[in-house]
Amino acid sequence: MAATDDSAPDSPRPPRPDDGSRMPRWLPRAVVVTLALFACFQLASWAFHQLIGLFVNILIAFFLALAIEPAVDRMAARGVRRGIATALMFLGVTVAFVGFFTLLGSMLAGQIQTMVENFPSYLDSVIRWSNRTFGTKLSRLEIQESVLHSDWLQKYVRNSAGGVLDVSATVLGGLFRLLTVVLFSFYFAADGPRLRRTLCSLLPPNRQTEVLRAWEIAVAKTGGYIYSRALMALISGVAHYILLEILGVPYAPALAVWVGLVSQFIPTIGTYLAGALPILLAFTVNPWYAVWVFGFVVVYQQFENYVLQPRITARTVDIHPAVAFGSVVAGTALLGAVGALIAIPAVATLQAFLSVYVKRYEVATGAGEPPGPGRRAPGGRRPSLFARLARALRRR
662 MAATDDSAPD SPRPPRPDDG SRMPRWLPRA VVVTLALFAC FQLASWAFHQ
712 LIGLFVNILI AFFLALAIEP AVDRMAARGV RRGIATALMF LGVTVAFVGF
762 FTLLGSMLAG QIQTMVENFP SYLDSVIRWS NRTFGTKLSR LEIQESVLHS
812 DWLQKYVRNS AGGVLDVSAT VLGGLFRLLT VVLFSFYFAA DGPRLRRTLC
862 SLLPPNRQTE VLRAWEIAVA KTGGYIYSRA LMALISGVAH YILLEILGVP
912 YAPALAVWVG LVSQFIPTIG TYLAGALPIL LAFTVNPWYA VWVFGFVVVY
962 QQFENYVLQP RITARTVDIH PAVAFGSVVA GTALLGAVGA LIAIPAVATL
1012 QAFLSVYVKR YEVATGAGEP PGPGRRAPGG RRPSLFARLA RALRRR
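Sequential numbering of the sequence shown, starting at 662, is according to our numbering.
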């Protein structure tokens, strides 16, 4: 038997078959990358939810700056510095609102005092009417005792006493938010040209033209929206002034201005806030006058929502009434009252900007229209020369 030669080189070993027990080399890296992406997504989502309030404030400030920019531009064209012109605009608006609400507050305080002093007589008249009409046997003393010793009143007093801190925090938060909106809108309006140049410097020349055109469209549409709201406020104020003057409600001019401004520039709940004050003051004159004012507010609101507002808004911001109504509903669903306020100018701006990139074609004769005067029906006679001339002028 031949001896084995240990000095011979080892023969290469065949590779082991992969039995699936070893981890692929790419798997750990893929797991790390997936976890890192998930962590970044969670961080971005958390930051977005924390800053959503700031984004909404900036959006409000941007549209507010667009609304006052035409006036600032006119003052700047006459030699006034943009910062001073913007400050004068804000000062004028602030003085007007503070003066109006101060006058309204003093008027309301006096009327509330009168109503509190005369409330027993109002209650007696209502009780007498109820006893005479429905045959009841109510008395003011029994009603007062039942109300003062009711469980719901005691619970309301306890909840109101415990919610003082919550109300204070809400008021402070609202003041801070208002200050944020005013500061951002001031900077947007005062540094409008510089801001546009900064944005355009980051874009190629062909994109710069589009940004400037979009900015101009936004200014025009926002101004048209403010004009439409001011026009509806004027119509609403005049209508409510006539009613209050007929009923003999005191301070009818101030109440008419209140209804017009609050109902138009505070969305969703503005109508109810605006109508509450004239109803309250009408109650001090005659309780039935309050019912008349309430009915008029409800009827006029429906007329405004379905007849007046779609037509005026469609003319001033050039969008279809259905689109205007749908944009308000969508804005309310997305951002609440803020979305309802800025939905129409935002949609009008987007529609005007995109209309340049939408190619339109001439509609074929008779397409989508029933046969009528001046149009030749299938198998009918040829329209007259005057009808063809009128149609040609309409096309121009």
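Glycine residues also receive a C-beta, built at the ideal position from the N, C-alpha and C atoms. Owing to the predicted nature of the structure, the values given are computational and were not obtained by experimental measurement.
Check, Outcome
"Confirm, please, whether the CB-CB distance from ARG857 to LEU844 is below 8 Å.", "no"
"Short check: CB of ALA726 to CB of PHE849, under 8 Å?", "yes"
"Look up PRO911 in the DSSP assignment and say whether it is helix, strand or coil.", "coil"
"Quick check on ARG739: does DSSP put it in helix, strand or coil?", "coil"
"Distance, Cα to Cα, ALA983 vs VAL946?", "41 Å"
"What residue does the alpha helix (DSSP H) around SER862 start on, and which one ends it?", "853 to 862"
"Which residue wins for smallest C-alpha separation from SER800, given the options VAL787, ALA875 and TYR902?", "VAL787"
"Would you call the CB atoms of THR932 and GLN962 closer than 8 Å?", "yes"
"When DSSP labels each residue in this structure, what does THR797 get in the three-state scheme?", "coil"
"Run the CB neighbour count on MET893, radius 10 Å, all protein chains shown included, and call it buried at 16 or more, exposed below.", "buried"
"Could you tell me the distance, in whole angstroms, from the CA atom of GLY760 to the CA atom of LEU941?", "22 Å"
"Per the contact definition of three or more C-beta pairs closer than 8 Å, is the segment 860 to 871 in contact with the segment 733 to 746?", "no"
"Checking 8 Å against the spacing of the C-beta atoms, do GLU730 and VAL899 come in under that value?", "no"
"Counting Cβ pairs, one atom from each stretch, are 3 or more of them under 8 Å apart for the segment 995 to 1002 and the segment 708 to 725?", "yes"
"What do you get for GLU1137, buried or exposed, if any count of 16 or more other CB atoms within 10 angstroms of its CB means buried?", "Only positions 662 to 1057 of the chain appear in the structure, and residue 1137 is not among them; the question remains open."
"So for ARG972, helix, strand or coil by DSSP?", "helix"
"Hey, how far is the Cα of LEU839 from the Cα of ALA700?", "34 Å"
"Under three-state DSSP, which class holds GLY884?", "helix"
"Just checking ALA726 against the ligand GDP - is the residue's beta carbon closer than 7 Å to any of the ligand's heavy atoms?", "This structure lacks the ligand GDP; in fact it carries no ligand of any kind."
"Using alpha carbons as the reference points, say which of LEU784, LEU836, PRO948 and ALA951 lies closest to ILE804.", "LEU784"
"Taking only three categories from DSSP, how would you classify MET684?", "coil"
"Look up SER811 in the DSSP assignment and say whether it is helix, strand or coil.", "coil"
"Could you tell me the distance, in whole angstroms, from the CA atom of SER988 to the CA atom of SER829?", "34 Å"
"Starting from PRO939, trace the alpha helix (DSSP H) in both directions and tell me its first and last residue.", "931 to 946"
"Any idea what DSSP makes of GLY921, helix, strand or coil?", "helix"
"Let me confirm a value: ARG868 is counted as buried when at least 16 other C-beta atoms fall within 10 Å, else exposed. Which label applies?", "exposed"
"Please go through the same chain and pick out, in chain order, the residues whose beta-carbon is closer than 7 Å to the beta-carbon of THR1059, but skip the five residues on each side of it.", "The structure shown has nothing for residue 1059, since the chain only spans 662 to 1057."
"Only counting the same chain, and skipping five residues up and downstream in sequence, which positions put a Cβ closer than 7 Å to that of MET768?", "TYR912 and ALA915"
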